[in-house]
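Everything on this sheet refers to the single structure shown next.
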Amino acid sequence: MRFTAKKLVMTAVLGAMAYVLMLFKFPLPFMPPFMDFDLAMVPEIIGTFLFGPLAGTFIVLIKLLIKLATVGTSSMFTGEIQNFILSVSYILPAWFLYQGKFKKHNALSGMLLGTIVVTVVACLSNVYFIIPFYTKLYGMSMEAIIAMTQAVNPLVDSVWKLVLIGIVPFNLIKYGVSTAIVYFSLERLRSILLRKEFT
């Protein structure tokens with residue numbers, strides 16, 4: 001899709017909106033305390049549906065660049081890299097099924113696929129990359145990470161239980177809520193999606 005000045009401005013605005021929404025983050029009950037819930041995915045997926053996957057990726061990058069410029073990183077960029085990977089894992093599959101068809105069922109199918117893909121990616125990346133890195137960065141053991149989660153959810157007593165009853169439901173809730181918000185907003189967005197300057 002060809003970028004116009006208006007599309008570039010809208011992409012930047014959506015990136016800024018995603019950053020603002022990311023600031024309003026909070027942990028979920030019974031979920032790993034190191035994972036925060038936010039709605040930054042809403043402007044990211046809306047931008048993807050409006051302008052395509054490249055614009056959606058730029059929105060994610062803008063969000064993270066603003067975050068780095070304003071508050072920096074506390075994880076040697078690991079958290080930001082993980083955020084980028086998960087965001088892209090959600091918006092790209094969603095676009096694959098949506099393909100600019102302006103149909104609610106295409107959008108819903110795409111976002112549901114994105115939710116499944118990002119949940120799988122989150123499980124694998126946390127177990128094999130993020131959690132091991134954090135244990136080295138902060139001098140913690142894997143047992144300490146499990147104990148942190150066990151304090152809010154006594155059922156978690158191993159890495160794979162952390163995945164199955166921690167990471168999996170957290171991501172299904174986080175991206176499921178974003179999917180629901182966008183889906184029920186599609187009728188209002190439809191007039192925007194079908195405008196000539198956005199097609």
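Note that the UniProt record's numbering numbers the sequence shown so that position 26 is 26, with each residue one more than the last.
Just so it is clear, CB atoms sit at the ideal spot from N, CA and C, and this is done for glycine as well.
Selection ALA5, MET31 and PHE96 evaluated against ILE145 yields MET31 as nearest (Cα-Cα).
Fewer than three beta-carbon pairs drawn from the segment 50 to 58 and the segment 72 to 82 are found closer than 8 Å, and the two stretches are therefore not classed as touching.
Non-local C-beta neighbours of VAL156 in its own chain, meaning closer than 7 Å and more than five positions away in sequence, comprise ILE146, THR149, GLN150, LEU162, ILE165 and GLY166, ordered along the chain. Under the three-state reduction of DSSP output, PHE37 falls in the strand class.
Annotation: the continuous alpha helix (DSSP H) that includes TYR98 extends over 78 to 98. Buried is the label assigned to LYS63, since at least 16 other Cβ atoms lie within 10 Å of its Cβ. Out of ILE85, THR135, ASN106 and GLU143, the CA that lies nearest to the CA of VAL120 is found in ILE85.
Inter-residue distance for SER89 and VAL117 is about 6 Å (C-alpha atoms, whole angstroms). If you draw a 10 Å sphere on the C-beta of THR4, you find fewer than 16 other C-beta atoms in it, and that means exposed. Shown here, PRO27 sits in a strand according to DSSP, grouped into three states. When DSSP states are grouped into helix, strand and coil, LEU155 belongs to the coil group. Counting C-beta pairs closer than 8 Å gives fewer than three between the segment 22 to 31 and the segment 108 to 116, which falls short of the contact rule.
Within the segment 98 to 174, the complete alpha helix (DSSP H) segments at least 4 residues long are 104 to 125, 131 to 137, 142 to 150 and 159 to 162, listed from N- to C-terminus. The C-alpha of SER191 is placed about 45 Å away from the C-alpha of PHE133.
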